[in-house]
Every structure is written in C-alpha cells, then in structure tokens.
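When we follow the working numbering, the leftmost residue of the sequence shown carries the number 1, and every step to the right adds one.
Where is the CB? At the ideal position from N, CA and C, for every residue including glycine.
Here the structure is a predicted model, which means the values were calculated and not measured.
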Amino acid sequence: MACSRQIRIRVFTYVLVKRRHDETVLPCRCVFRLKADGTYKARLVVKEFMEQKGIDYTDIFAPVVRLEVLRFLFALVAIHYLECGQMDVKTVFLNDKIDCFIRMEQPPGSLIDPMSRRDYVCLLQKSLYGLKQAPHFWYWTFVTFMVSLAFARLQKDRCVFLKASDDGFTIVSICVDDILIITPNKALATDLKASL
Numbered sequence: 001m002a003c004s005r006q007i008r009i010r011v012f013t014y015v016l017v018k019r020r021h022d023e024t025v026l027p028c029r030c031v032f033r034l035k036a037d038g039t040y041k042a043r044l045v046v047k048e049f050m051e052q053k054g055i056d057y058t059d060i061f062a063p064v065v066r067l068e069v070l071r072f073l074f075a076l077v078a079i080h081y082l083e084c085g086q087m088d089v090k091t092v093f094l095n096d097k098i099d100c101f102i103r104m105e106q107p108p109g110s111l112i113d114p115m116s117r118r119d120y121v122c123l124l125q126k127s128l129y130g131l132k133q134a135p136h137f138w139y140w141t142f143v144t145f146m147v148s149l150a151f152a153r154l155q156k157d158r159c160v161f162l163k164a165s166d167d168g169f170t171i172v173s174i175c176v177d178d179i180l181i182i183t184p185n186k187a188l189a190t191d192l193k194a195s196l
C-alpha cells in the first residue's frame with residue numbers, strides 16, 4: 001500500500017475537503033496483486049458502479065487504434081526497415097486532470113484522525129483507477145501533449161499521430177497506455193521517449 005500512497009501523494013491525485021451531504025461520495029478500495037516477478041502491486045481503485053451519468057461523468061469514450069491500421073503500420077516497418085519501439089505509460093490514469101467534481105471516501109489506512117474521517121472526503125484533482133471516464137481523460141491529455149509537439153492526428157484513425165521533420169518522420173500509435181513509435185532512425189524515437 002505504501003507504493004500506491006507514494007504515487008498518489010507525488011502526483012497530487014486528491015485533496016481533503018469537508019463532506020457535503022447533498023453530493024454523491026464514491027467508495028474506494030485497495031486492490032492487491034502479486035506480480036510475475038514476485039513483488040506486490042497495490043492500487044487504490046474507485047468503485048465506479050456508484051457513478052451516475054450526467055452527474056459524475058458525461059463522456060467516457062476513448063478510442064483505440066484500429067487493428068487494420070496497426071497491421072498496416074507493422075507492414076510499413078517490415079517493408080521499409082523502419083525502427084519500431086513500444087513503451088508502456090506507468091500510472092497512466094493518475095496523470096490526467098479531471099473536468100468535474102468527484103468526491104471519494106478516504107482510502108483505507110488514511111493517516112487522518114479517525115474521528116474526523118467521516119467529516120472529510122477526497123476531492124479528486126486527477127483521474128484515478130476505476131473511474132469510468134479515466135481512459136477518456138488520459139486520451140485527451142495525450143492528444144493535447146502530442147499536438148504541443150507538432151504532431152498531426154490522422155483523420156481516419158484518431159489514435160495515430162504523424163510528424164515530419166528534416167531528420168525524417170515519426171509515427172505514433174496509442175492503445176490505452178501502450179504507445180507504438182515508428183521512425184526511420186533511433187534518434188527520433190529516443191528524443192520522443194525522453195519528452196514523454
């Protein structure tokens with residue numbers, strides 16, 4: 001649990017606010033998992049089944065790259081001997097600011113005084129695992145970032161980004177938290193990974 005708590009504190013996922021009895025407060029729980037390498041993973045997860053459409057969220061759609069486009073990209077890599085790299089974004093749903101007010105019960109093991117725990121709830125500042133709209137927030141955060149780097153989004157597939165420069169071109173594809181980077185040389189891929 002310490003790992004998950006450190007991540008939440010580091011990225012300022014929530015702040016404590018006074019409980020308002022006229023608003024929905026979502027419950028949360030800790031999810032523990034044993035990883036393949038023998039280490040443990042702990043995650044704080046919002047119980048999203050309590051979220052109400054139109055109150056807690058409005059849009060949850062987040063596109064993923066189409067399979068035929070992905071096949072085309074891999075064919076392009078094979079035919080033209082391009083560099084192809086993949087990266088996984090760590091703590092992907094903890095990085096995105098949210099555009100609505102979502103209140104959540106304090107996590108189990110909070111360090112606040114037990115007597116005042118019922119008077120204070122967590123006002124989410126950033127997305128958290130389990131929110132229905134978490135993938136939507138992540139997608140738009142990623143789009144904004146890629147546009148700031150002068151990438152253009154393809155019209156036919158909104159999860160593919162392209163940038164041409166004097167050194168060559170870079171194609172980036174996204175599927176939730178997995179990013180595929182295609183370039184003619186490793187230097188372009190290294191530069192992009194450093195900025196991500």
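Residue from the options whose Cα sits closest to the Cα of residue i
i, options, result
"L123", "P107, T190, F72", "P107"
"H136", "S148, D157, V176", "V176"
"D157", "A164, T141, I174", "I174"
"E68", "S110, L196, C159", "C159"
"N95", "N185, F145, K35", "F145"
"H21", "R103, V172, R153, F32", "R103"
"A152", "I171, G109, T141", "I171"
"F93", "T58, T141, R33", "T141"
"S165", "D178, T183, I179", "T183"
Backbone CA spacing between residue i and residue j [nearest angstrom]
i, j, result
"I9", "G85", "Legend: pLDDT at I9 = 49, less than 50; position of this residue unreliable, value from coordinates given subsequently. Cα-Cα distance, rounded: 31 Å."
"V89", "F169", "22 Å"
"V64", "T39", "30 Å"
"A62", "H80", "31 Å"
"A42", "Y129", "11 Å"
"I98", "L82", "37 Å"
"D167", "Q155", "24 Å"
"R118", "K18", "9 Å"
"F72", "L16", "48 Å"
"K132", "I60", "6 Å"
"L76", "Y139", "25 Å"
"A194", "K47", "34 Å"
"K126", "Y14", "7 Å"
"D191", "S148", "15 Å"
"S4", "L44", "Note on S4: pLDDT 49, under 50, position unreliable in the model; no value is reported."
"K163", "C30", "41 Å"
"A134", "D37", "27 Å"
"N217", "S110", "In the structure as shown, the chain starts at 1 and stops at 196, and residue 217 therefore has no counterpart that could be examined."
"A150", "L34", "40 Å"
Span of the beta strand (DSSP E), counted from its first residue to its last, around residue i
i, result
"A42", "40-46"
"Q86", "83-88"
"L34", "28-34"
"F209", "Any question about residue 209 goes unanswered here, given that the chain covers just 1 to 196."
"L124", "120-124"
"A164", "160-165"
"T183", "178-183"
Host alpha helix (DSSP H) of residue i (start-end)
i, result
"R71", "67-80"
"L192", "186-195"
"V143", "134-148"
Minimum Cβ-Cβ distance from residue i to chain D less than 7 Å
i, result
"C28", "Structure shown: chain D not included; a single protein chain is present."
Three CB pairs or more closer than 8 Å across the segment 118-134 and the segment 18-31: yes
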